[in-house]
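>
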Amino acid sequence: MSELHQALGAPVTGRHARQLAYYYGYGQEYPQGIEALMGDIPACANVIDVGSGISNLGITVARNRPDITWVNYDFGYHLPENIQRLGAVPPNVYIEPGDITQPLKQELLMSFDNVFSYYLLPHLSLEENKTPAAAAAVNMLQLLKMDGLLQVGPTEFDFDKLEGAVVKMRKPENAQKTAAAIDTLVASTMMPPRVVNTHLNSNRRGLERYRGIAALQG
Ligand SMILES: C[S@@+](CC[C@H](N)C(=O)[O-])C[C@H]1O[C@@H](n2cnc3c(N)ncnc32)[C@H](O)[C@@H]1O
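Take a look at the structure:
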């Protein structure tokens, strides 16, 4: 386990931008996928990556798309040294520490054209009940502008079929569709018990630490 993984206290992976683009279902090959993902983002869009960890997706996309604003959102960023470890960040990338299971800051609500989230919901689905995962799903939908697009994965825990297994949905139009969308997000990203292992506990420890620091600061 790397120093950063330990400091974040969470199972942070640093998936490469090209790898994530492929997992999000763009392209048959890694190099083409990232181009397609970037091409799918509207001009001057606001984009957020929930549970961005140390992935360089935002940095890669934002560097190639100076017209967009990209927010990297992760509870791990409560430690300044973790932000530094992301390396050089283009001026259109913003780092936002936060717990997606908790109420969002007002300024984030209905602000994003694209919401990406990879490998965050599965961890929350491993809690004793589905409340944290459902709360995160509600918040992800609340981040979206009226015509915003949410892309969340992975949705299957057959690791051989991980690529391209994501839920893509537009912001639901009414309460009934929102409830159905939350159910879909939680149910489809749930890890089966056979995959449960120690990284669940490290995720929990990381969150507890974040909440402790946030409470002291608040
Ligand atoms: C497995 S990593 C995935 C990182 C990146 N999306 C990728 O696919 O390479 C999960 C990330 O979600 C973050 N995370 C877990 N629970 C969270 C929560 N409740 N709020 C915000 N971030 C959370 C962790 O800190 C970690 O960086």
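Last residue of the sequence shown: 218 (the numbering used here), numbering continuous. Cβ coordinates follow ideal geometry from the N, Cα and C atoms, glycine included.
(1) Check whether the Cβ of THR155 sits closer than 8 Å to any heavy atom of ligand 1, and report yes or no.
(2) Comparing the CB of THR101 with every heavy atom of ligand 1, is any distance shorter than 8 Å?
(3) Given 8 Å as the limit, is there contact between the stretch 169 to 186 and the stretch 122 to 142, that is, 3 or more CB pairs closer than that?
(4) Would you tell me roughly how many angstroms separate the C-alpha atoms of LEU150 and TYR26, rounded to the nearest one?
(5) Is TYR77 helix, strand or coil by DSSP?
(6) Look at the alpha carbon of VAL71 and the alpha carbon of LEU121, and state the distance between them as a whole number of angstroms.
(7) To the nearest angstrom, report how far apart GLY49 and ALA180 are at their CA atoms.
(8) Taking the straight line between their C-alpha atoms, what separation do you get for PRO97 and GLN32?
(9) At which residue ranges does the stretch 30 to 90 contain complete beta strand (DSSP E) runs of 3 or more residues, listed in the order of the chain?
(10) Determine the burial state of SER2: buried for a count of at least 16 other Cβ atoms within 10 Å of its Cβ, exposed for fewer.
(11) Which residue wins for smallest C-alpha separation from PRO91, given the options ARG85, LEU79, LEU109, ILE59?
(12) Under DSSP, the beta strand (DSSP E) around MET169 begins and ends at which residues?
Considering the structure as presented:
(1) On the sequence shown, residue 155 is found 155 positions in, with the first residue counted as 1. Flag unset: Cβ of THR155 not near ligand 1.
(2) Within the sequence shown, the letter at position 101 stands for residue 101. It does: the Cβ of THR101 is within 8 Å (strictly closer) of some heavy atom of ligand 1.
(3) yes
(4) Residue mapping note: residue 150 aligns to position 150 of the sequence shown, counting from 1. Residue mapping note: residue 26 aligns to position 26 of the sequence shown, counting from 1. Rounded to whole angstroms, LEU150 to TYR26 spans 15 Å at the Cα level.
(5) Locating residue 77 in the sequence shown gives position 77, where the first residue counts as 1. Of the three classes helix, strand and coil, the one that applies to TYR77 here is helix, per DSSP.
(6) Counting from one through the sequence shown, the residue named residue 71 turns up at place 71. Counting from one through the sequence shown, the residue named residue 121 turns up at place 121. Each residue's Cα considered, the two are about 18 Å apart.
(7) Position 49 of the sequence shown, counting from 1, holds the residue named residue 49. Position 180 of the sequence shown, counting from 1, holds the residue named residue 180. The question names Gly, yet the displayed sequence has Asp at residue 49. Using only the alpha carbons, I get a separation of about 22 Å.
(8) The residue given as residue 97 occupies position 97 in the sequence shown. The residue given as residue 32 occupies position 32 in the sequence shown. Approximately 31 Å between the Cα atoms of the pair.
(9) 46 to 50, 69 to 73
(10) Reading the sequence shown from its first residue, position 2 is the one you call residue 2. Because the pLDDT of SER2 is 42, which lies under 50, any placement of that residue in the model is unreliable, and the question is left without a value.
(11) Here residue 91 is taken as the residue at index 91 of the sequence shown, counted from 1. It is ILE59.
(12) The residue given as residue 169 occupies position 169 in the sequence shown. 167 to 170 is the extent of the beta strand (DSSP E) around MET169.
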